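Worksheet: one structure, shown below.
There are 2 protein chains.
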Amino acid sequence: MTADRPLRRDAQRNRRRILDAARELMAERGVGVSLEQVAEAAEVGVGTVYRRFPDKESLVRALFSEHVDAVVTLASQASESCDPWQGIQDFLGTVLAMQAADRGLSQILRGGELGAALAHEARIRITPVVDQLVTRARNAGQLPADVGPGDLVLAELMVGAVAERAGPDNSATWRRALSIVLAGLRADGLVGTTPDGSTIDRLQGR
Amino acid sequence: MTADRPLRRDAQRNRRRILDAARELMAERGVGVSLEQVAEAAEVGVGTVYRRFPDKESLVRALFSEHVDAVVTLASQASESCDPWQGIQDFLGTVLAMQAADRGLSQILRGGELGAALAHEARIRITPVVDQLVTRARNAGQLPADVGPGDLVLAELMVGAVAERAGPDNSATWRRALSIVLAGLRADGLVGTTPDGSTIDRLQGR
DNA sequence: CATTAAGTGGAGCGAAACTTCAACTTGGAG
DNA sequence: CTCCAAGTTGAAGTTTCGCTCCACTTAATG
């Protein structure tokens, strides 16, 4: 039952500074950056970081949550595209470009327990709108019947691995990879069935 | 000009023990395991580990090098398969199964500077024989003309990302991913060109 | 203003990892 | 069997990092 009074002006400003500094540093050097480095970049003391975010984990959570917001927005924009297939291509392209530019992002999802929890949360928020994307494309005859939303997750994961390593200066490489995977999705006669939610969740656990 | 006299019996035995213990531990828990844990599992003192491997990095290098040996052997076996395409499928399947069972492996390649160096070294040793695989399949009309060895590297990287997360108990998931990618490689009309060696190298650098 | 709850900073603590070292043990050549 | 170079050991040194604490500052309310 905390009253949750709004933060003081200076505290709000510092919170934003910390988040911005953290995103920038982690995008460049990965999640490994120490909170001392974050504090320095944000021009605040370590103590201030810890007052706003009880531990490193909650800072990462906050950062990641902001990213999921952006992805959800993108996906719903994409589902308004005239051509369903074009929508999927645009959506994946944009998300992957983000990932190529942000080294920390995929590291977070890969990182043990926390990654599993965040991936689960992200899936819950993202799946409905991705589901729409896939269904639309399938109804338009642009995807085989046995391709499901789980396959889009696989696609993102796979090309994301390339984008992560390639970085923003090597977009030709991950675009080639995306081209291969998209061609694979449209091909008939795939082996196996599209992974469902629980399977995808288990992907992150380990 | 070191004479490089062979190691004493007990030293040889300990070296093997250390490598075996390290591989097992890192496969299970990732590269993060401490050398103290490795020493304990190998039933030697930490000092012994450091006598054999000047630092953690050289232990990892030695481990990884043994893995590359295995992959090269697999690839050359695959290039003797009657059906070229079958050879590629078997090769990728086996390598990916290894990766699914060994958590440390992909972590090594992903890990900054060292990963870049090792990936480069691995590529030099593996490319020639993978090149053969691809050329054979292309000549047999089982692959489009614009698919090159760089695309096989991309394929391994992509499905490897899935296999790594899925683990050995979820092989259906990464097999589905492999199926998508292989279908994509065989499809005509891919966008872009196959990445060459230098591009692939840059993939690991970051 | 005056008051005070909220916010700030950064030295320092403890845990965990890597690495070194000097005293002790042992394989194997002569 | 003797001897010593090679090997072993684990306690201790060194970093590095996450996090706490508390004396000090400041925004906002009346």
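Chains A and B, in that order, are what the protein sequence lines are. The first sequence runs 1 to 206 under the numbering used here. The second sequence runs 207 to 412 under the numbering used here. By construction, the Cβ of each residue, glycine as well, lies at the ideal position given by its N, Cα and C atoms. Because the structure is a prediction, the values reported are computed rather than measured.
Q: Consider the Cβ of B:Asn-376: report whether some Cβ of chain A lies at a distance smaller than 9 Å.
A: Chain A places a beta carbon closer than 9 Å to that of B:Asn-376, counting this residue as a contact.
**Q.** Alpha-carbon to alpha-carbon, A:Asp-196 and B:Thr-379
**A.** 10 Å
Q. Any idea if B:Asp-275 is buried or exposed, counting beta-carbon neighbours within 10 angstroms, 16 or more meaning buried?
A. exposed
(Q) Cutting at 6 Å between CB atoms, please list the residues of its own chain near B:Gly-411, excluding the five before and the five after it. (A) Its pLDDT being 42, under 50, B:Gly-411 is placed unreliably in this model, and the value from its coordinates should be taken loosely. Correct list, in chain order: Ala-322.
Q. How about the region 226 to 240 of chain B and the region 285 to 301 of chain B: do they share at least three Cβ pairs that are nearer than 8 Å?
A. no
Q: Inspect the CB distances between the region 364 to 371 of chain B and the region 302 to 318 of chain B and report whether three or more fall short of 8 Å.
A: yes
Q. For B:Leu-302 versus B:Glu-362, is the C-beta distance shorter than 9 Å?
A. yes
Q. Would you call A:Met-1 buried or exposed, if buried means 16 or more other Cβ atoms sit within 10 Å of its Cβ?
A. Any reading at A:Met-1 needs caution, since the residue's pLDDT is 49, under 50, leaving its predicted position unreliable; the model's value is listed next. Classified as exposed, A:Met-1 has fewer than 16 neighbouring CB atoms from the shown chains inside 10 Å of its CB.
Q) Taking the C-alpha atoms as reference points, what is the distance between A:Ser-79 and A:Ala-145? A) 19 Å
Q.
Any contact between the region 118 to 129 of chain A and the region 207 to 221 of chain B? By contact I mean 3 or more CB pairs, one from each, below 8 Å.
A. no
Q. Going along chain A in order, which residues have a C-beta closer than 8 Å to the C-beta of B:Ser-357?
A. The amino acid at residue 357 of chain B is misidentified as Ser; the sequence shows Asp. Near B:Asp-357 (Cβ distances below 8 Å), the residues of chain A are Arg-176 and Ile-180.
Q) If you drop the 5 nearest sequence neighbours on each side, which residues of the same chain put their C-beta closer than 7 Å to that of A:Asp-102? A) Ala-27
Q. Can B:Leu-391 and B:Val-359 be called in contact, C-beta distance under 9 Å?
A. no
Q: Let me know the secondary structure DSSP gives B:Asp-210 once reduced to three states.
A: coil
Q. Taking Cβ positions only, does B:Thr-400 come closer than 9 Å to chain A?
A. yes
Q: Using a Cβ cut-off of 9 Å (strictly closer), state whether A:Ala-75 contacts chain B.
A: no
Q. Hey, does A:Met-158 have any beta-carbon neighbour from chain B nearer than 9 Å?
A. yes
Q: State the DSSP-derived secondary structure class of A:Arg-206, mapped to helix, strand or coil.
A: Low local confidence applies: a pLDDT of 44 at A:Arg-206 is under 50, so the model's placement there is unreliable, with the coordinate-based value given in what follows. Assignment of A:Arg-206 by DSSP, reduced to helix, strand and coil, places it in the coil class.
**Q.** Own chain partners of A:Val-213 with C-beta closer than 7 Å, once the 5 adjacent residues on each side are dropped
**A.** Beyond the ends of chain A as shown, which are 1 and 206, falls residue 213 of chain A; an answer cannot be given.
**Q.** C-alpha distance - B:Leu-409 paired with A:Asp-10, whole-angstrom precision
**A.** 42 Å
**Q.** Closer than 8 Å at the beta carbon, the chain B residues around A:Val-191
**A.** Arg-381, Arg-382 and Ser-385
Q: Measuring only between beta-carbons, confirm whether A:Arg-138 sits less than 9 Å from chain B.
A: Not an interface residue.
Q) Nearest to B:Ala-228 by CA position, among B:Thr-341, B:Leu-396, B:Leu-269 and B:Asp-337, is which residue? A) B:Leu-269
Q. Which bits of chain A does B:Ala-323 rub up against, with CB to CB less than 9 Å?
A. Those do not exist, as B:Ala-323 stays about 14 Å from chain A at its closest Cβ, beyond 9 Å.
**Q.** Close Cβ partners of B:Phe-259 (< 6 Å) along its chain, the five nearest in sequence each way excluded
**A.** Leu-265
Q) Is any beta-carbon of chain B found at less than 9 Å from that of A:Gly-184? A) yes
Q | Partners in chain A for B:Thr-405, counting only beta-carbon separations shorter than 8 Å | A | Close partners of B:Thr-405 in chain A (Cβ separation under 8 Å): Asn-170, Ala-172 and Thr-173.
Q: Using the Cα positions of B:His-326 and A:Arg-136, report the straight-line distance between them to the nearest angstrom.
A: 43 Å
Q: Compare the Cα-Cα distances from A:Glu-40 to each of A:Arg-61, A:Asn-14, A:Thr-194 and A:Glu-57 and report the closest residue.
A: A:Asn-14
(Q) Counting C-beta neighbours from all protein chains within 10 Å, is the total for A:Asp-151 16 or more, i.e. buried, or is it exposed? (A) buried
Q: Starting from the C-beta of A:Thr-18, find all residues in its chain whose C-beta is less than 8 Å away, skip the five residues before and the five after it, and write them out in chain order.
A: The identity of residue 18 of chain A in the sequence shown is Ile, whereas the question assumes Thr. Answer for A:Ile-18: Val-38, Ala-39, Ala-42, Val-44, Thr-48, Val-49, Arg-52, Phe-53 and Leu-59, listed in chain order.
(Q) Just verifying my parser: in three-state terms, what is the DSSP assignment at B:Asp-352? (A) Coil at B:Asp-352, not helix or strand.
Q: Quick one: grab the DSSP three-state call for A:Glu-43.
A: Looking at A:Glu-43 - three-state DSSP - the assignment turns out to be coil, as it is neither helix nor strand.
Q.
Please classify B:Ala-346 as buried or exposed, where buried requires at least 16 neighbouring CB atoms within 10 angstroms.
A. Classification for B:Ala-346: exposed.
Q. Would a C-beta distance cut-off of 9 Å place A:Ala-100 and A:Gly-167 closer than the cut-off?
A. Going by C-beta atoms, A:Ala-100 is nearer than 9 Å to A:Gly-167.
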